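Chemist: Below is the structure I would like to discuss, written out as structure tokens.
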């Protein structure tokens with residue numbers, strides 16, 4: 001799952017500035033949240049994936065290196081391909 005999330009992030013980052021995907025990536029909702037446990041945001045999950053994988057988000061601009069690095073980031077993809 002981590003590889004898929006990181007692959008999608010790279011696709012969005014390399015896209016045009018005015019694309020709906022890139023606008024949605026940077027969109028912040030204003031207002032108060034309901035009481036209770038704070039919801040986990042997609043950006044927080046993505047940040048943790050970068051940290052676990054040991055890669056920097058700006059590497060997504062180099063497509064070949066990005067694909068290689070995100071494949072290493074998710075051990076499940078290495079295990080399943082024999």
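Numbering (our numbering), first residue to last: 1 to 82.
All C-beta atoms in this analysis are idealised placements derived from N, C-alpha and C, irrespective of residue type, glycine included.
Keep in mind it's a predicted model, so treat the numbers as computed, not measured.
#1: Is DSSP giving residue 18 helix, strand or coil here?
#2: Rounded to a whole number of angstroms, what is the C-alpha to C-alpha distance between residue 9 and residue 35?
#3: Does the region 51-70 come within contact of the region 19-36, defined as at least 3 CB pairs closer than 8 Å?
#4: To the nearest whole angstrom, what separates the beta carbons of residue 61 and residue 13, a pair I think is in contact under 8 Å?
#5: Rounded to the nearest angstrom, what separates residue 3 and residue 71 at their Cα positions?
Modeler: To lay it out plainly:
#1: The residue you call residue 18 lines up with position 18 of the chain shown. Residue 18: coil per DSSP, three-state reduction.
#2: Here residue 9 refers to the residue found at position 9 of the chain shown. Here residue 35 refers to the residue found at position 35 of the chain shown. Going by the C-alpha atoms only, they are around 30 Å apart.
#3: Segments in contact, no.
#4: Here residue 61 corresponds to residue number 61 of the chain shown, with the count starting at 1. Here residue 13 corresponds to residue number 13 of the chain shown, with the count starting at 1. Yes, they are in contact, since the Cβ atoms of residue 61 and residue 13 sit about 7 Å apart, within 8 Å.
#5: By one-based count along the chain shown, residue 3 stands at place 3. By one-based count along the chain shown, residue 71 stands at place 71. Our two residues, residue 3 and residue 71, have alpha carbons roughly 6 Å apart in a direct line.
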